[in-house]
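Student: First to last, the sequence lines map onto chains U and S.
Heads up: the first sequence begins at 120 in the working numbering, then just goes up one per residue.
Heads up: the second sequence begins at 120 in the working numbering, then just goes up one per residue.
2 protein chains.
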Amino acid sequence: MEPQFTRLDAVRAFELAAGVSGQPLFGENAMLNLIRFQPDAVVPRHSHPHEQLGIVLEGMQALVVDGVAHELEPFEAYVLPGGVEHSAYCGPEGALVLDVFTPVREDYLERWQAES
Amino acid sequence: MEPQFTRLDAVRAFELAAGVSGQPLFGENAMLNLIRFQPDAVVPRHSHPHEQLGIVLEGMQALVVDGVAHELEPFEAYVLPGGVEHSAYCGPEGALVLDVFTPVREDYLERWQAES
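1) What does N148 (chain U) reach in chain S if we use C-beta pairs closer than 7 Å?
2) Identify the residues that DSSP records as bridge partners of N152 (chain U): which are they?
3) Please report the straight-line C-alpha distance between S166 (chain S) and H205 (chain S), rounded to a whole angstrom.
4) Can you look up R224 (chain S) in the DSSP assignment and give me helix, strand or coil?
5) Looking at C-alpha atoms only, which residue of U:A137, U:D159, U:L199 and U:E195 is the closest neighbour of V216 (chain U)?
6) Going along the chain, which residues of its own chain have a beta-carbon closer than 7 Å to the beta-carbon of W231 (chain U), five neighbours each way excluded?
7) Taking Cβ-Cβ distances shorter than 7 Å, what residues in chain U pair up with R126 (chain S)?
8) Which residues in chain S sit within 9 Å of H189 (chain U), going by Cβ to Cβ distance?
9) Counting C-beta neighbours from all protein chains within 10 Å, is the total for G202 (chain S) 16 or more, i.e. buried, or is it exposed?
10) If we call anything under 8 Å between Cβ atoms a contact, is L120 (chain S) one with V223 (chain S)?
11) V184 (chain S) versus chain U: which residues are under 7 Å apart at the beta carbon?
12) Starting from I174 (chain U), find everything on chain S with Cβ-Cβ shorter than 7 Å and list it in chain order.
13) Between D128 (chain S) and the rest of its own chain, which residues show a CB-CB distance below 8 Å, the 5 nearest in sequence each way excluded?
14) Please classify A233 (chain S): does DSSP put it in a helix, a strand, or coil?
15) Could you tell me which residues DSSP pairs with S206 (chain U) in its beta bridges?
16) So, does the CB of V162 (chain S) fall closer than 8 Å to a CB anywhere in chain U?
17) State the start and end residues of the unbroken beta strand (DSSP E) segment that holds H165 (chain U).
18) For Q228 (chain S), would you say it is in contact with chain U, using Cβ-to-Cβ distances shorter than 8 Å as the test?
19) Do you know offhand how far V184 (chain S)'s Cα is from L172 (chain U)'s?
20) Please list the partners that P200 (chain U) has in chain S, where partner means a Cβ-to-Cβ separation under 7 Å.
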């Protein structure tokens with residue numbers, strides 16, 4: 120793989136859930152995903168074997184793990200080990216979040232490439 | 120490893136180079152590092168086997184690869200495959216950058232823990 124440089128907020132977006140879109144950058148063993156939550160959008164509870172890290176850039180994103188809602192403001196960051204069930208919601212202002220997955224979410228790569 | 124939630128810009132910082140500090144969050148297979156460049160700071164040319172991804176949050180960070188300077192503004196993101204030599208510099212306003220490494224930089228983990 121060659122080095123890549125891209126304007127992440129100009130990458131073609133794909134839908135992650137109703138009112139939640141992602142703009143991805145795929146490396147070999149990890150990926151970035153710039154997530155935009157429309158106001159009051161929700162990501163239903165799910166899990167994946169991939170480790171997920173991230174940081175809130177704008178607004179508020181809540182991550183719900185084990186029934187506890189962690190309401191995260193800008194510069195609040197997280198690690199969700201693979202296999203941990205989680206859901207997410209934002210507030211009335213929406214949110215902008217940078218997610219990181221390792222390894223690459225092949226399901227995202229396939230969907231993103233299929234929509235091109 | 121348990122889920123982690125932390126205010127990344129309040130994490131204890133460690134020095135990466137003169138005028139360049141990092142605030143890390145360590146997962147199992149990847150890590151975040153919030154990098155602050157003081158005005159006109161430079162990271163000398165180096166390489167590491169870890170894949171590096173990142174995004175500029177504030178200011179301008181230039182990454183120099185193969186003699187080409189990629190001057191990156193907010194929301195510009197990158198992937199540097201493992202083993203690719205690179206250096207970095209910022210402008211007179213400094214910069215704030217989020218770096219991601221996979222696997223975890225054990226050298227950073229050891230230094231960060233040693234300074235506690």
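Think of the CB as a built atom: it goes at the ideal place given N, C-alpha and C, for glycine as much as any other residue.
Since this is a predicted model, take the numbers as computed values, not measurements.
Tutor: Result, derived from the coordinates:
1) E170 and T221
2) U:P143 and U:D218
3) 6 Å
4) coil
5) U:E195
6) F133 and P143
7) F194 and E195
8) P122 and F124
9) exposed
10) In the sequence under discussion, the amino acid at residue 120 (chain S) is Met, which differs from the Leu named in the question. Not in contact: M120 (chain S) and V223 (chain S) (Cβ atoms no closer than 8 Å).
11) P122
12) L127, L151 and L217
13) Q142 and L153
14) helix
15) U:V183
16) no
17) V161 to H165
18) The sequence given here places Leu at residue 228 (chain S); Gln does not occur at that position. No, because no Cβ of chain U sits closer than 8 Å to the Cβ of L228 (chain S).
19) 27 Å
20) M120, P122 and E147
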